[in-house]
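Position 264 (the sequence shown) corresponds to 271 in the numbering used here; numbering is contiguous. All C-beta atoms in this analysis are idealised placements derived from N, C-alpha and C, irrespective of residue type, glycine included. Working notes, structure below.
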Amino acid sequence: MKISRDLTDWTVTATGGPVPADLAGVPVPATVPGTSHTALLEQGLIPDPYLGTNETELAWMKRATWRYATVLDEPAADDDEHVDLVFEGIDTVAGVVVDTDVEQTAVGQGRVELGRTANMHRFYRYDVRGLVGTPANLMVDLDSALETAEAEAERLGARPMAYDQPFNMVRKMACSFGWDWGPDLQTAGLWKPVRVERWRVARIASVTPLATLADDGTGLVDVRVEIETSGLGDIPRLTVDVSVGDRGTTTGVSAGWSGGVLDVRVEAGDVDLWWPAGHGEQPLYPIEVAVHVGNGEDRSEPLDLWSGRVAFRTVELERERDEHGTSFVFRVNGKPVFARGANWIPDDHLLTRITRERLEERVDQALGANLNLLRVWGGGIYESDDFYDVCDEKGVMVWQDILLACAAYPEEEPHRSELEAELRENASRLAPHPSLVLWNGGNENIWGHEDWGWKEPLGDLTWGAGYYYELFPKVLAEVDPTRPYSDGSPYSPGFTPEQVHPNDPDHGTHHQWDVWNRVDYTHYRDDVPRFSSEFGFQGPATWATSRRAILPDSADVPDGFKESEVFLLHQKADDGNGKLDRGLAPHLGVPEGFVDWHWATQLNQARAIQYAVEHYRSWWPRTAGAIVWQLNDCWPVTSWAAVDGDGRRKPLWYTMRHAFADRLVTVQPRPDGLVAALVNDTDEPWAGQLGADRTTLAGEVLATSDRAVVVAPRSVALVPLEGDLVAVADAAREVLVVSLGAERGLHRWAESKGLALDAEPLQTAVTGQDDGYRVEVTATSLALGVTLLADRLDPGAQVDEQVVDLPAGATAVFHVTTGRELDVAALVSRPVLRTENDLVAR
Numbered sequence: 008m009k010i011s012r013d014l015t016d017w018t019v020t021a022t023g024g025p026v027p028a029d030l031a032g033v034p035v036p037a038t039v040p041g042t043s044h045t046a047l048l049e050q051g052l053i054p055d056p057y058l059g060t061n062e063t064e065l066a067w068m069k070r071a072t073w074r075y076a077t078v079l080d081e082p083a084a085d086d087d088e089h090v091d092l093v094f095e096g097i098d099t100v101a102g103v104v105v106d107t108d109v110e111q112t113a114v115g116q117g118r119v120e121l122g123r124t125a126n127m128h129r130f131y132r133y134d135v136r137g138l139v140g141t142p143a144n145l146m147v148d149l150d151s152a153l154e155t156a157e158a159e160a161e162r163l164g165a166r167p168m169a170y171d172q173p174f175n176m177v178r179k180m181a182c183s184f185g186w187d188w189g190p191d192l193q194t195a196g197l198w199k200p201v202r203v204e205r206w207r208v209a210r211i212a213s214v215t216p217l218a219t220l221a222d223d224g225t226g227l228v229d230v231r232v233e234i235e236t237s238g239l240g241d242i243p244r245l246t247v248d249v250s251v252g253d254r255g256t257t258t259g260v261s262a263g264w265s266g267g268v269l270d271v272r273v274e275a276g277d278v279d280l281w282w283p284a285g286h287g288e289q290p291l292y293p294i295e296v297a298v299h300v301g302n303g304e305d306r307s308e309p310l311d312l313w314s315g316r317v318a319f320r321t322v323e324l325e326r327e328r329d330e331h332g333t334s335f336v337f338r339v340n341g342k343p344v345f346a347r348g349a350n351w352i353p354d355d356h357l358l359t360r361i362t363r364e365r366l367e368e369r370v371d372q373a374l375g376a377n378l379n380l381l382r383v384w385g386g387g388i389y390e391s392d393d394f395y396d397v398c399d400e401k402g403v404m405v406w407q408d409i410l411l412a413c414a415a416y417p418e419e420e421p422h423r424s425e426l427e428a429e430l431r432e433n434a435s436r437l438a439p440h441p442s443l444v445l446w447n448g449g450n451e452n453i454w455g456h457e458d459w460g461w462k463e464p465l466g467d468l469t470w471g472a473g474y475y476y477e478l479f480p481k482v483l484a485e486v487d488p489t490r491p492y493s494d495g496s497p498y499s500p501g502f503t504p505e506q507v508h509p510n511d512p513d514h515g516t517h518h519q520w521d522v523w524n525r526v527d528y529t530h531y532r533d534d535v536p537r538f539s540s541e542f543g544f545q546g547p548a549t550w551a552t553s554r555r556a557i558l559p560d561s562a563d564v565p566d567g568f569k570e571s572e573v574f575l576l577h578q579k580a581d582d583g584n585g586k587l588d589r590g591l592a593p594h595l596g597v598p599e600g601f602v603d604w605h606w607a608t609q610l611n612q613a614r615a616i617q618y619a620v621e622h623y624r625s626w627w628p629r630t631a632g633a634i635v636w637q638l639n640d641c642w643p644v645t646s647w648a649a650v651d652g653d654g655r656r657k658p659l660w661y662t663m664r665h666a667f668a669d670r671l672v673t674v675q676p677r678p679d680g681l682v683a684a685l686v687n688d689t690d691e692p693w694a695g696q697l698g699a700d701r702t703t704l705a706g707e708v709l710a711t712s713d714r715a716v717v718v719a720p721r722s723v724a725l726v727p728l729e730g731d732l733v734a735v736a737d738a739a740r741e742v743l744v745v746s747l748g749a750e751r752g753l754h755r756w757a758e759s760k761g762l763a764l765d766a767e768p769l770q771t772a773v774t775g776q777d778d779g780y781r782v783e784v785t786a787t788s789l790a791l792g793v794t795l796l797a798d799r800l801d802p803g804a805q806v807d808e809q810v811v812d813l814p815a816g817a818t819a820v821f822h823v824t825t826g827r828e829l830d831v832a833a834l835v836s837r838p839v840l841r842t843e844n845d846l847v848a849r
């Protein structure tokens with residue numbers, strides 16, 4: 008039986024570069040998995056890079072070199088025993104050395120270099136059978152990834168990219184070099200487990216199970232099992248067992264077999280189908296592979312075991328030409344699914360601090376916002392098995408980018424071979440997961456080549472076309488042909504620059520970044536994209552997160568704080584504050600005080616994305632998906648995220664939940680006038696009375712209508728709003744309220760700052776409860792964006808609802824969960840209880 012032992016206790020030493028004198032050459036205890044940052048943080052030797060301006064103080068670390076060291080103290084190998092040293096992930100450019108001269112302080116004559124690494128997205132295995140039996144020094148010498156990348160750019164010729172540092176020249180997490188929402192820390196270390204494996208005769212090198220459905224609905228699993236034999240002595244007859252649920256099969260190989268790949272099919276019989284969240288259940292079936300010596304009653308205990316889970320579903324990507332362009336529709340088990348999505352980035356820049364519990368919390372937040380898809384973005388990592396396991400269990404579809412983003416990438420060696428090996432390893436690893444529904448060639452690289460001024464500086468240099476159009480589809484056809492592949496995002500299928508632009512909204516996937524960068528969010532309605540795979544709007548982190556990491560210690564925050572050094576260090580977007588202010592101006596105006604500005608920018612972010620999502624959903628099935636940029640953050644920062652770096656839900660999260668609800672009432676323009684768009688993304692008809700009232704802000708009814716409607720399952724019904732309902736006489740003082748059952752939509756004929764809103768439109772009542780407080784609010788006049796920012800009173804407080812629009816006379820109840828006794832008067836007054844009204848009413 009294979010025996011594994013994790014190597015967790017190491018030291019890390021800064022061995023070169025611009026290292027502070029008190030750290031140079033000093034061994035520091037280090038836990039593995041970990042990096043130089045986490046090791047020095049745990050020992051209190053560097054400040055927290057997420058706080059204040061500490062990020063800039065640690066810039067020296069990206070040009071430092073490091074040595075991870077431990078003692079490899081393993082018994083000698085028996086004659087028939089293999090001993091392997093396994094690194095699941097090395098970040099990034101390293102030499103792995105064993106030195107048997109343990110008494111030497113420097114590397115001595117017993118030095119053996121096991122190998123060199125230059126890809127943090129791969130795993131590495133080294134045979135150390137001949138190096139065990141006496142204690143030896145095991146060392147991993149890490150070069151500066153930045154300096155390696157700079158040297159590659161010099162050797163091959165620099166390629167265009169979105170940022171100043173050559174992240175495209177080394178196979179390291181691109182956002183490690185900084186992004187417009189992330190810090191520039193450039194970690195180095197052993198970021199995944201390291202272990203010693205001892206085995207005899209044979210081991211399972213890899214398992215790639217591909218679950219499919221036969222035409223009659225029978226579950227099939229084609230399992231590719233790669234077996235390595237030891238090559239030590241005579242290899243006996245081997246048996247490989249593969250089981251799926253209660254079905255299995257046995258394959259034997261003759262004595263003397265030298266190892267290789269076995270293709271085994273298991274017929275799983277009648278199976279239950281796996282569905283995305285909101286469409287059905289997520290049954291998972293255990294799969295196990297075992298290799299034995301012998302067969303029948305004479306076979307041994309397993310030499311090696313592999314276990315996992317699979318599920319049965321089909322996934323297709325419809326890309327068909329029609330009267331509107333080219334569709335892009337996910338079909339799961341033959342059923343078209345509107346993708347309610349968000350983009351996903353690594354949940355902590357210091358990757359080794361991410362736990363399964365943290366990932367489960369974040370996926371639950373995605374589900375809580377009514378999402379059914381997460382796009383793992385190409386500038387991050389192939390996530391841990393925990394991430395995909397959680398998505399499998401909860402029915403969250405995963406769109407997986409291959410890890411290239413916002414740059415031209417060299418195709419010369421060794422880059423091409425590294426990328427191919429990386430994709431083969433990760434495609435095999437992720438094959439069991441039913442949540443994985445798409446492989447995507449990369450992020451914005453094809454678009455960048457066409458639009459971002461790359462062609463002239465590139466000249467004849469390679470830029471990645473050979474990856475997107477040739478290598479990636481070839482590898483995936485061999486390793487994982489059960490899932491669709493898209494060449495990139497954005498991408499227009501079959502595009503040629505002379506005919507269709509790669510970011511044409513009428514064809515395939517579309518990224519909408521004119522909104523935020525150049526134009527107001529009302530321009531989201533300019534296009535009806537077939538599938539919007541990126542769009543977003545910025546807002547700051549919650550108050551409690553900002554208070555912990557960014558804001559001054561004093562109770563009062565200066566009005567001009569948004570232009571301070573510390574705030575701007577946590578605002579990475581180019582002219583980010585200017586874009587925030589320009590985004591505010593047409594809707595809410597730009598408040599002068601920081602407290603109001605903080606609330607206004609959070610609210611405007613929430614409104615912008617709500618506006619976009621409601622527009623996109625109203626066009627189903629022409630528009631088949633909307634993936635917001637972005638769900639999560641990796642540190643405390645002003646960004647596009649709905650959940651900030653401390654895991655707190657921003658107002659955006661709540662408007663995403665509203666806009667992505669199973670059933671939605673929204674008022675939308677169409678060529679012939681306003682319509683009530685009734686979105687029913689459930690399997691049951693939605694029937695009831697559609698009520699519509701044009702009223703004054705104070706609630707006086709000026710026009711009304713009521714009609715019976717039935718909205719078919721998984722469809723959108725458009726009901727014209729005509730006559731007196733839309734004959735607005737005073738845009739500043741009137742509102743249209745449309746409702747069907749419990750769902751309600753509002754339409755205003757003027758922006759908020761142009762409405763005659765009451766500054767104090769609420770009556771409140773607070774009741775204490777075992778877990779916090781019940782806050783009931785009733786609108787005496789139109790109250791927009793009613794929100795309880797309870798984290799201002801208790802950083803641990805959570806509120807079940809935010810950004811609620813209340814017509815005059817309507818009531819909403821907020822549940823505040825907290826373990827503290829709160830000041831009730833403070834709970835229902837500014838700056839905790841906020842509305843859109845209090846920003847614009849004069």
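Beta bridge counterpart(s) of residue i as assigned by DSSP
i: Asp248; result: Thr257, Ala297
i: Thr552; result: Thr552 pairs with nothing; no bridge assigned.
i: Leu443; result: Val405
i: Lys342; result: Val339
i: Trp186; result: Gly189
Neighbourhood of residue i by C-beta distance below 7 Å, restricted to the same chain and skipping five residues each side
i: Val672; result: Ala683, Leu685, Val745, Ser746, Leu747, Glu750, Arg751, Gly752
i: Ala786; result: Pro768, Leu769, Leu813, Pro814, Ala815, Gly816, Ala817
i: Trp264; result: Thr236, Ile242, Leu245
i: Val602; result: Val564, Pro838
i: Leu732; result: Ala699, Arg701, Ala710, Ser712, Leu743
i: Glu274; result: Thr225, Leu227, Arg254
i: Glu81; result: Val90, Val139, Val203
Residue of the options minimising C-alpha distance to residue i
i: Trp67; options: Val847, Ile53, Leu79; result: Ile53
i: Glu154; options: Leu358, Arg781, Arg70; result: Arg70
i: Leu65; options: Gln193, Arg129, Arg799, Gln506; result: Gln193
i: Val35; options: Gly196, Val322, Arg326, Leu366; result: Gly196
i: Val177; options: Asp98, Lys657, Ile616; result: Asp98
Simplified DSSP state of residue i, which is helix, strand or coil
i: Trp282; result: coil
i: Ile10; result: strand
i: His518; result: strand
i: Met663; result: helix
i: His754; result: strand
i: Met180; result: coil
i: Ala160; result: helix
i: Tyr498; result: strand
i: Phe542; result: strand
i: Tyr389; result: coil
i: Ile234; result: strand
i: Thr112; result: Confidence in Thr112 is poor, its pLDDT being 46 and thus under 50, which makes the residue's placement unreliable; the coordinate value appears in the next sentence. Thr112 falls in the coil class under three-state DSSP.
Same chain, Cβ closer than 6 Å to residue i, five either side skipped, listed in chain order
i: Asp229; result: Leu217, Arg272
i: Gly695; result: Leu747, Gly748
i: Val820; result: Glu783
i: Trp642; result: Tyr57, Pro190, His356, Gly652
i: Pro167; result: Ala415, Trp461, Pro464
i: Gly140; result: Ala83
i: Trp627; result: Phe345, Val723
i: Arg656; result: Val650
Closer than 8 Å to chain C by CB, residue i
i: Gly285; result: The structure shown contains no chain C; it holds only a single protein chain.
Beta-carbon separation (whole angstroms), residue i vs residue j, contact threshold 8 Å
i: Arg431; j: Val486; result: 6 Å
i: Thr794; j: Gln809; result: 4 Å
i: Asp393; j: Leu366; result: 5 Å
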